[in-house]
Amino acid sequence: MSDEEDIILSELPDDELVLQMHDDLYDGLKEEIEEGVNILLGRDWAPYDVLTTALVGGMTVVGKDFRDGILFVPEVLLAANAMKGGMAILKPLLAATGAPRMGTMVIGTVKGDIHDIGKNLVGMMMEGAGFEVRDIGINNAVESYLEALDAGDVDILGMSALLTTTMPYMKVVIDTLVEKGIRDDYTVLVGGAPLNEEFGKAIGADAYCRDAAVAVETAKEFMARKHNALAAG
Ligand code: B12
C-alpha cells in the first residue's frame, strides 16, 4: 500500500489539503475531489475560493503537463471529470446568492472545440451574479448561436474557444451578426486561454475576459451602460 492511500483528507490543514487536491485532480480522483470540496466548505471556505484555489489551481498544473507532453488526453479527461464533480457541488452554492436578475446570457463553445470547463465556470459565476444563462454547449456552428439569440430576450453573447485553430471562428459568428444587422443588439464577450484583449478587439467583440470573475464584472458594466442608455432615451 502506498502512502497516498493512507492520507485522510479531513485531517489535513487547509494548505496541505489544497495541495493534496491538486494531486488528486491530476490523478483524476473524482471522489477525493468531491470530498475535498465538501471539507473546505465545511471549514467555511467561500465556494468561489474553493473553486479558484483548489480546482482551477489544480487544473493549471494539469494544463502545464499536458502542454509539455507529460500528460495525455485520457488522463486529462479524467482530471476534467474530477473537476466537474467538484464544480457540481459548488454550482448551487454559487448560484444561490439571491442576486437580483441582471440580464440574460447565451454562452457556448465554438465549432470544432469541445472544451467546456471554462465555459461552464463562467456560466456558473454569471448565474451566481443574477444572470439567466442559456448554455448551448460545445461545438457550436454560427446557426446554433443565431437560433439561441432568436429565442429572444438575450443581452449578452458569450463565446469560448480553447484552441488556436478554433478561436478564429468567433469572428465568423460576429461577422454574421453584422451582416444580419443585429450585432449591436448584443454585448459580445469572448474568452478562453489562447485569447487576449487584442484578439477580442480585432474580431469585433465588446470585450475579452481573462476569467470568470472578470466576465461577471464586465457583463455587469455593460448591463449598467445599457440601462443608462435606455434611461437617457
Ligand atoms: C481539459 C483540457 C482538455 C480536455 C477537455 C475536457 C472538457 N470537458 O473541457 C480534453 C482532454 C477533451 C482536451 C482535448 C483537446 N485539447 Co485540451 N486542454 C485542456 C486543458 C488542460 C485545460 C482547459 C481547462 O479546462 N482549463 C480550466 C478552465 C477553468 O480554464 P479556461 O478554459 O481557460 O477558462 C477560463 C478563461 O479562459 C475564461 N473563459 C473561458 N471561456 C470563456 C467564455 C467567455 C464568454 C468568457 C467571458 C470567459 C471565458 O474564463 C474561464 C474561467 O475562469 C488545456 C490547457 C490550458 N492551459 O488551458 C488544454 C488545451 C486547451 N488543449 C489543447 C489541445 C491541443 C487539445 C487537443 C487538440 C488534444 C488532442 N491532440 O486531441 C484536443 C482538442 C479537442 C477539441 N476538438 O476541442 C491545447 C491547445 C493548444 C492550442 N494552442 O490550440 C491546450 C492549451 C493544452 C496544450 N498546451 O497543449 N483538452
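Counted from 1, the sequence shown has number 228 at position 151 by my numbering; the numbering is strictly sequential.
Quick reminder that beta carbons are idealized off the backbone N, C-alpha and C, glycines included.
Just so you know, these numbers come straight off a predicted model, no measurement behind them.
Using only the heavy atoms of the ligand B12, determine whether one of them is closer than 7 Å to the beta carbon of HIS192. As a position in the sequence shown, residue 192 is number 115, starting the count at 1. The closest heavy atom of the ligand B12 lies less than 7 Å from the beta carbon of HIS192.
State the DSSP-derived secondary structure class of TYR222, mapped to helix, strand or coil. As a working mapping, residue 222 is identified with position 145 in the sequence shown. The answer is helix: DSSP assigns TYR222 an H, G or I state.
Mind checking which residues open and close the alpha helix (DSSP H) that includes LEU167? Along the sequence shown, read from residue 1 onward, the residue named residue 167 stands at position 90. Here the alpha helix (DSSP H) through LEU167 covers 150-172.
Should ILE311 be counted as a contact of the ligand B12 given a C-beta to heavy atom distance under 7 Å? Nothing can be reported for residue 311: it is not among the residues displayed for the chain, which extend from 78 to 310.
Whole-number beta carbon distance between GLU112 and LEU148, since they are thought to touch under 8 Å: Position 71 of the sequence shown, counted from the start, is the residue given in the question as residue 148. Position 35 of the sequence shown, counted from the start, is the residue given in the question as residue 112. With 8 Å as the limit, LEU148 and GLU112 do not qualify as a contact, their Cβ atoms being about 23 Å apart.
Given this structure, state the Cα-to-Cα distance separating ASP145 from ALA309, to the nearest angstrom. Here residue 145 is taken as the residue at index 68 of the sequence shown, counted from 1. Here residue 309 is taken as the residue at index 232 of the sequence shown, counted from 1. Annotation: ASP145 to ALA309 spans about 53 Å, alpha carbon to alpha carbon.
Is THR295 helix, strand or coil when you go by DSSP? Sequence index remark: in the sequence shown, residue 295 carries index 218 (1-based). Here DSSP, grouped into helix, strand and coil, assigns THR295 to helix.
Assign ASN216 to one of three DSSP states: helix, strand, or coil. For the purposes of this step, residue 216 is identified with residue 139 of the sequence shown, where counting begins at 1. It is coil, neither helix nor strand.
Checking 8 Å against the spacing of the C-beta atoms, do ALA131 and MET164 come in under that value? Here the question's residue 131 lines up with position 54 in the sequence shown. Here the question's residue 164 lines up with position 87 in the sequence shown. No, Cβ-Cβ distance for ALA131 and MET164 is not below 8 Å.
Check whether the region 263-280 and the region 291-305 are in contact - that is, three or more C-beta pairs closer than 8 Å. With a cut-off of 8 Å, the region 291-305 and the region 263-280 count as touching, because enough Cβ pairs lie within range.
Three-state secondary structure assigned by DSSP to ILE233: Numbered from its first residue, the sequence shown carries residue 233 at position 156. Taken through DSSP and simplified to helix, strand or coil, ILE233 comes out as strand.
I'd like to confirm something about MET247: is its beta-carbon nearer than 7 Å to some heavy atom of the ligand B12, or not? Here the question's residue 247 lines up with position 170 in the sequence shown. MET247 Cβ: outside cutoff for every heavy atom of the ligand B12.
Counting pairs of Cβ atoms below 8 Å between the region 270-281 and the region 179-191, do you hit three or more? As far as the Cβ criterion goes, the region 270-281 does not touch the region 179-191, which means the pair count is below three.
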